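**Student:**
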Amino acid sequence: MGPTLITTLIMMTTPVEEKASAQELTVEPPPLLELRDVTKSFSNRIHILGPIRLTVEEGEFVVIIGPSGSGKSTLLRVITGLTDATSGEVIYKGKRQWGVNHKAALVFQSFALFPWLTVMENVALGLEAQGFSKPERYARARRYIDLVGLDGYERAYPRELSGGMKQRVGLARALTVEPELLCMDEPFSALDALTASNLREQVLDIWLSKQIVTKAIILVTHSVEEAVLMGDRALVLASKPGRILADRPIALPRPRRLKSPQFEEQVDQLYSLIV
Ligand SMILES: Nc1ncnc2c1ncn2[C@@H]1O[C@H](COP(=O)(O)OP(=O)(O)OP(=O)(O)O)[C@@H](O)[C@H]1O
Ligand SMILES: [Mg+2]
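Numbering (this note's numbering) for the sequence shown: 1325 to 1599.
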C-alpha cells in the first residue's frame, strides 16, 4: 500500500519547512541605515563631504562630533533626505533612499518653529503630509507634548516660551511623526547649561525607557562630554572634506556618572582623537 495522504503531505512539506527555518537562521535583516560612499558637493562645486561609509544598526545611539564646517549638518540632511547626495547611495532598511525619508525626523539647533503657529500646531505640522485627519494629528501631538513635559502649553506661541521649552516643542514635533530614525543637530547647544542638562537627561530617559518607537538616534554635538554621556558609539569627523576619522564604541554602563574616572577616561580618549 502506498503512503497515505497525510504521510505524503508530511513528506512533501518537511524539506520545505526545514529549508525555511534554515533560512530564518541565516538571513540577517538589513541595517537600519547604510551610507555607501556618499559625497556632497554644492553647486559651486566645492567638495564638502565624503566619501562617507557608515552603517547604523537598530538600537544604536550614535554621536557625531567634529569641528565647525566639517559637514555634520550636511551629513544629517543627506541621511534624512532633506538634501541629495552628490554621489554614492543612502540605503534605508535595505532599499535605496530617494528624496525625503519619512521614517526619519530631524531636530534642529535653531528650533525652527513657526512663530505664527501654536505649540500644538507646530507639533502636529509634521503629520499633515501623511494624510492624518485633524483630530488624529492633535491626539498624536498631545501625546508627545505630554511626553516632553509641555502639558498645558498647547495653545502658547513660540514667543511665549523659553529656549528650553522651544526645543521641547522641536523634539515633540520630531517624535510626533514616530520616526524610526531620530536625528538631532546640536539640539542642546543654544540652551543654558542647566536647561541643556535637564533636556539631555529627558531625551536619554525617553530613549532608554523605550517610550518611543524610534529604533536609532544620530546626535550631532560639539561637546565631547555630551557625546560620552549619551552615545553608544562616537563618529569623529575631520574637515575639508568632511570624513569619518574615527568610529569608536562608548562602552560605559548606564546610567553614566559625569566626572567618574571611567567617564573622564572616555572623554580624554575622544579628545585625543579630535585634537
Ligand atoms: N547650501 C550650501 N551651499 C554651499 N555651501 C554650503 C551649504 N551648506 C553648507 N555649506 C558648506 O558646507 C560646509 C559644511 O557645512 P555644515 O553646516 O554641514 O558644517 P557643520 O559641521 O555642521 O558646522 P557647524 O559645526 O558650524 O554647525 C561648510 O563649509 C559650509 O559653508
Ligand atoms: Mg552644523
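All C-beta atoms, glycine included, are put in the ideal place defined by N, C-alpha and C.
Bear in mind that the values here come from a model prediction, so they are computed numbers and not experimental data.
From Ser1392 to Leu1506, what does the alpha carbon distance come to, in whole angstroms?
**Tutor:** Using only the alpha carbons, I get a separation of about 22 angstroms.
**Student:** Please find out if some non-hydrogen atom of ligand 1 comes closer than 7 angstroms to the beta-carbon of Gly1393.
**Tutor:** Flag set: Cβ of Gly1393 near ligand 1.
**Student:** Evaluate Glu1341 with the Cβ neighbour count: other Cβ atoms within 10 Å of its Cβ, from every protein chain shown; 16 or more gives buried, anything less gives exposed.
**Tutor:** Residue placement at Glu1341 is poorly supported in this model, since its pLDDT is 46, which falls under 50; the coordinates are not used for a value here.
**Student:** On a Cα-Cα basis, can you pick out the residue from Lys1417, Phe1435 and Ser1434 that is closest to Lys1277?
**Tutor:** Residue coverage of the chain in this structure runs from 1325 to 1599, which leaves residue 1277 outside it and unanswerable.
**Student:** What does His1371 pair with, by DSSP beta-bridge criteria?
**Tutor:** Answer is Ser1365, bridged to His1371.
**Student:** Drop a sphere of 10 angstroms on the beta-carbon of Ile1370, count the other beta-carbons inside from all chains shown, and report buried for 16 or more, exposed for fewer.
**Tutor:** The residue is exposed, with fewer than 16 neighbouring Cβ atoms inside 10 Å.
**Student:** Along the chain, where does the alpha helix (DSSP H) that runs through Asp1529 open and close?
**Tutor:** Ala1517 to Leu1532 is the span of the alpha helix (DSSP H), which, as asked, contains Asp1529.
**Student:** How far does the beta strand (DSSP E) with Asp1509 in it extend, from its first residue to its last?
**Tutor:** Residues Leu1505 to Asp1509.
**Student:** Drop a sphere of 10 angstroms on the beta-carbon of Ala1448, count the other beta-carbons inside from all chains shown, and report buried for 16 or more, exposed for fewer.
**Tutor:** When all chains shown are included, Ala1448 counts as buried.
**Student:** Confirm, please, whether the CB-CB distance from Leu1359 to Val1424 is below 8 angstroms.
**Tutor:** Their beta carbons are not under 8 angstroms apart, which means Val1424 does not touch Leu1359 by this criterion.
**Student:** Quick one: what does DSSP say Tyr1468 is sitting in, helix, strand or coil?
**Tutor:** Tyr1468: helix per DSSP, three-state reduction.
**Student:** So, with DSSP's three-state summary, where would you put Pro1439?
**Tutor:** DSSP places Pro1439 in coil when its eight states are reduced to three.
**Student:** Taking 7 angstroms as the cut-off, is the beta-carbon of Lys1539 closer than that to any non-hydrogen atom of ligand 2?
**Tutor:** No - ligand 2 has no heavy atom lying nearer than 7 angstroms to the Cβ of Lys1539.
**Student:** Check each candidate in Glu1381, Glu1384 and Lys1364 and name the one with the smallest Cα separation from Gly1405.
**Tutor:** Cα-wise, what sits closest to Gly1405 is Lys1364.
**Student:** Taking the alpha-carbon of Leu1495 as reference, which of Gly1374, Ile1388, Met1508 and Pro1354 has the nearest alpha-carbon?
**Tutor:** Comparing Cα-Cα distances from Leu1495 to each of Gly1374, Ile1388, Met1508 and Pro1354, the minimum goes to Met1508.
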